[in-house]
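Mapping of the sequence shown onto my numbering: residues 21 to 246, in sequence order. Here is the structure we will look at, set down as C-alpha cells.
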Amino acid sequence: MFGLGRRSRGGFDEGEPLRTTDRLLKLLDEEFPSPQVALHYKTPLQLLVATILSAQCTDERVNQVTKGLFARYQTAKDYAEADPARLQEEIRPTGFYKAKARSLIKTGQALVSRFGGEVPRTMEELVTLQGVGRKTANVILGNCFGVPGVVVDTHVTRVTQRLGLVDTDDPEKIEVALQRLLPKGIWTRASHQLLLHGRHICQARAPKCHECRLYDLCPWEGKRTA
Numbered sequence: 021m022f023g024l025g026r027r028s029r030g031g032f033d034e035g036e037p038l039r040t041t042d043r044l045l046k047l048l049d050e051e052f053p054s055p056q057v058a059l060h061y062k063t064p065l066q067l068l069v070a071t072i073l074s075a076q077c078t079d080e081r082v083n084q085v086t087k088g089l090f091a092r093y094q095t096a097k098d099y100a101e102a103d104p105a106r107l108q109e110e111i112r113p114t115g116f117y118k119a120k121a122r123s124l125i126k127t128g129q130a131l132v133s134r135f136g137g138e139v140p141r142t143m144e145e146l147v148t149l150q151g152v153g154r155k156t157a158n159v160i161l162g163n164c165f166g167v168p169g170v171v172v173d174t175h176v177t178r179v180t181q182r183l184g185l186v187d188t189d190d191p192e193k194i195e196v197a198l199q200r201l202l203p204k205g206i207w208t209r210a211s212h213q214l215l216l217h218g219r220h221i222c223q224a225r226a227p228k229c230h231e232c233r234l235y236d237l238c239p240w241e242g243k244r245t246a
C-alpha cells in the first residue's frame, strides 16, 4: 500500500504522503504531459451541457451530438426555453435523453433566474443545478475557472482502488482522500491523468498491464504479468 500511511475506518488512508506518490505523479506526467478534457467546448456553458450529457455516454458520442447542439443553443435562455420533445430528439444518441433534456432545461432556467444567465463559479452554487453533482462541478471549476478540484469518475475510482490509494467506492470519500494526498495546485491535472490512465490503460475488463508505466507501483492482486 502506498500514497498514505495508516488506513482509516472511513475508507482511505491517513498520514504523511510517502515518496512513492512523487514517483506516481512523475510517471503520470510522462504518460500524459498535457491532459485535457476530451469533451469539446468553447464556453463554460458548453462544458456544463456536455458534461451533463456525458453521463453513461462516451465523450466521442457527446462531441458528435454537441457539434450541432451548440450551434442551435448558444445561451442559457435558449435551453430554458427549449421545446422538450425537440431537445430530447436532439440529444437522444447520448442515452437517458428524457432525463438529460429535463436537466438541461431546468439548468437553463436556473442560470437565467438566479445567475444572470452565467455559469456560477462556486461548488456550492453549481451543485444546486439540475443534473450537476460534485464531479461535474469540479470539471467546470477546474477547466473553466482555474479552481482546483478532484474529478472522480468510474475510471479514477478503479485506478485509485487498484493502486491501493483508497478502499471505497464512495466518490466523495475518494475525492477527500486524493485532496489529502495530492498538492492542491495539481488536483485538476492529476485527476485528469488518472482518468486517462483508467480509460486507456487500466481498463475494467482488460487492463493493459504490459503497457502500464505504473506496474511496479501497483499492488493490485489482479494485475497481469508484465
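Just so it is clear, CB atoms sit at the ideal spot from N, CA and C, and this is done for glycine as well.
Segment contact, 8 Å Cβ cut-off, at least three pairs: the segment 117-132 with the segment 163-170:
Fewer than three beta-carbon pairs drawn from the segment 117-132 and the segment 163-170 are found closer than 8 Å, and the two stretches are therefore not classed as touching.
Would you mind stating whether residue 201 and residue 171 have Cβ atoms separated by less than 9 Å?
No, Cβ-Cβ distance for residue 201 and residue 171 is not below 9 Å.
Assign residue 5 to buried or exposed, taking buried as 16 or more other Cβ atoms, counted over all protein chains shown, within 10 Å of its Cβ.
With the chain running from 21 to 246 in the structure shown, residue 5 is simply not present.
Between residue 63 and residue 149, what straight-line distance do the alpha-carbon atoms span, to the nearest angstrom?
Going by the C-alpha atoms only, they are around 17 Å apart.
Length of the line joining the Cα atoms of residue 35 and residue 197:
Here the model assigns residue 35 a pLDDT of 42, short of 50, so the residue's position is not dependable, and the following value carries that caveat. Looking at the two C-alpha atoms, the distance is approximately 11 Å.
Using only alpha-carbon positions, find the residue among 234, 68 and 176 that is nearest to residue 163.
Minimum Cα distance to residue 163 is reached at 68.
Is the beta carbon of residue 151 less than 9 Å from the beta carbon of residue 70?
For residue 151 and residue 70, no; Cβs fall outside 9 Å.
Beta-carbon contacts of residue 31 that lie in its chain and below 7 Å, excluding the five residues immediately before and after
For residue 31, the predicted structure reports a pLDDT of 37, less than 50, and the residue's modelled location is therefore unreliable. A value from the coordinates is still provided. Once the five neighbours on either side are set aside, the close Cβ partners of residue 31 are 186, 187, 188, 190 and 193.
Taking DSSP as the reference, what is the three-state secondary structure of residue 172?
The DSSP-derived three-state label of residue 172 is coil.
Rounded separation between residue 178 and residue 222 - CA only:
Cα to Cα, the separation comes out at about 8 Å.
What do you reckon, are the CB atoms on residue 120 and residue 72 nearer than 9 Å?
Yes, they are a contact pair.
Euclidean distance between Cα positions of residue 236 and residue 53:
When rounded, the distance between both Cα atoms is 20 Å.
Answer with buried or exposed for residue 24, where buried requires no fewer than 16 other C-beta atoms within 10 angstroms of its C-beta.
Its pLDDT being 42, under 50, residue 24 is placed unreliably in this model, and the value from its coordinates should be taken loosely. When all chains shown are included, residue 24 counts as buried.
Exposed or buried, residue 26, counting other C-beta atoms within 10 Å across all chains shown (16 or more means buried)?
Unreliable positioning characterises residue 26 in this predicted model, as indicated by a pLDDT of 37, which lies under 50. The coordinate reading is nonetheless provided below. By the C-beta density criterion, residue 26 is exposed, having fewer than 16 other C-beta atoms within 10 angstroms.
Since residue 102 and residue 79 are thought to touch, with beta carbons under 8 Å apart, how far apart are those beta carbons, to the nearest angstrom?
Under the criterion of beta carbons closer than 8 Å, residue 102 and residue 79 do not qualify as touching, at roughly 23 Å.
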